[in-house]
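The numbers in our numbering rise by one with no breaks, and the one at position 7 of the sequence shown is 9. Here a beta-carbon is modelled for each residue, glycine too, at the ideal position from N, C-alpha and C.
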Amino acid sequence: MKNIEIRGVKIGEGMPKIIIPLVESTETEIIQKLKSFKELKYDAVEWRADFFDEVLNFEKVTEVLSEIRNLIPDKIVFFTYRTKKEGGNKEISVENYCALNKAVAETGDADIIDVEIFIGYEEAERNINNIHSCNVLVVASNHDFYKTPDKDDIISRMCKMQDVGADILKIAVMPQSPEDLLTLMSATYEMRQKYTNKPIITMSMGALGMMSRLAGEIFGSAFTFGAVGETSAPGQIPADQLHTVISIIHQNI
Numbered sequence: 003m004k005n006i007e008i009r010g011v012k013i014g015e016g017m018p019k020i021i022i023p024l025v026e027s028t029e030t031e032i033i034q035k036l037k038s039f040k041e042l043k044y045d046a047v048e049w050r051a052d053f054f055d056e057v058l059n060f061e062k063v064t065e066v067l068s069e070i071r072n073l074i075p076d077k078i079v080f081f082t083y084r085t086k087k088e089g090g091n092k093e094i095s096v097e098n099y100c101a102l103n104k105a106v107a108e109t110g111d112a113d114i115i116d117v118e119i120f121i122g123y124e125e126a127e128r129n130i131n132n133i134h135s136c137n138v139l140v141v142a143s144n145h146d147f148y149k150t151p152d153k154d155d156i157i158s159r160m161c162k163m164q165d166v167g168a169d170i171l172k173i174a175v176m177p178q179s180p181e182d183l184l185t186l187m188s189a190t191y192e193m194r195q196k197y198t199n200k201p202i203i204t205m206s207m208g209a210l211g212m213m214s215r216l217a218g219e220i221f222g223s224a225f226t227f228g229a230v231g232e233t234s235a236p237g238q239i240p241a242d243q244l245h246t247v248i249s250i251i252h253q254n255i
């Protein structure tokens with residue numbers, strides 16, 4: 003795997019790294035929630051800015067991001083605006099979406115910025131180039147809250163993410179059966195073995211997909227999401243329990 007190390011964390015090596023999402027709507031709530039993580043074992047936070055009431059006030063966004071960075075200087079910070087069509091909390095124009103990501107990248111306070119690959123191929127590529135010009139990494143993402151595409155389609159989507167220059171490839175799908183879970187995990191393994199040396203984040207959502215959040219070290223997913231209180235996607239496991247389970251798996255493989 004291509005070596006990516008952020009704040010002393012080696013991505014794609016050993017146990018999947020735990021990301022805790024921040025989904026609060028105000029600055030005060032965000033900071034209070036972040037302070038509650040103090041005793042937890044985790045590697046990264048993802049600020050889901052689409053839940054933030056003042057998200058289109060770029061000055062306020064960068065101010066809050068600076069507070070987040072100051073509170074957790076040794077943790078990885080993901081910045082994500084999840085669009086409505088991919089399960090997010092608010093609508094946003096493509097222009098504002100790209101401008102927001104660029105403004106965040108320019109601060110240097112986010113280590114990784116999420117770019118939805120299907121906002122438009124050219125727009126995604128331009129967005130990624132703008133972020134990279136600030137020496138910030140990109141996780142390209144795609145989310146399907148209704149179904150699990152077939153294995154070849156999942157692999158094809160991740161290959162497109164790679165083609166536009168993303169540093170990390172992410173896909174989340176919704177299972178309708180245990181077979182769908184197997185499809186996602188098989189696609190993850192094949193992608194890692196045959197098509198990329200970049201870190202991958204994959205998950206099958208909901209209760210049926212829970213195993214995908216636990217078995218990343220076996221099948222090739224480099225990160226997993228653990229919740230503290232409110233979740234940002236169906237099926238997220240409490241962060242303290244998640245660390246315990248993936249540690250047990252790590253110690254016995």
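Can you check which of these residues, the options, is closest to residue i by C-alpha distance?
i    : options                   : result
T246 : A217, Y197 and V96        : A217
I20  : L58, E48 and T28          : E48
L42  : L58, I22 and S27          : I22
M205 : T150, N129 and D116       : T150
S95  : G122, A112, M160 and E108 : G122
I78  : F225, A229 and N5         : F225
N144 : A112, A107, E7 and T82    : T82
G167 : E192, S135, T185 and A189 : S135
D165 : D182, A189 and I130       : I130
E88  : R50, E7, G10 and L102     : R50
Strictly under 9 Å for the Cβ-Cβ distance: is residue i near chain C by that measure?
i   : result
E48 : Absent from the structure is chain C; it holds one protein chain and no more.
What is the DSSP secondary structure of residue i, counted as helix, strand or coil?
i   : result
S95 : coil
I74 : coil
F81 : strand
Measure the beta-carbon distance from residue i to residue j and round it to whole angstroms, keeping in mind my assumption that it falls under 8 Å.
i    : j    : result
K172 : V140 : Going by Cβ atoms, the distance from K172 to V140 rounds to 10 Å, so no, they are not a contact pair.
G208 : M176 : 6 Å
I170 : I114 : 7 Å
E29  : K35  : The pair is not a contact, with the Cβ atoms about 11 Å apart (cut-off 8 Å).
V117 : A105 : Not really, about 14 Å apart at Cβ, beyond 8 Å.
What's the call for residue i, buried or exposed, on a 16-neighbour Cβ count within 10 Å?
i    : result
P180 : exposed
G211 : buried
R1   : In the structure displayed, the chain extends from 3 to 255; residue 1 sits before or after that span and is not available.
N254 : exposed
Could you tell me the boundaries of the beta strand (DSSP E) in which residue i lies?
i    : result
D116 : I114 to E118
S206 : I202 to S206
A142 : L139 to D146
For the alpha helix (DSSP H) that contains residue i, what are its first and last residues?
i    : result
G218 : G218 to F221
D52  : From DSSP, D52 is part of no alpha helix (DSSP H); its letter is neither H nor E.
I133 : Y123 to H134
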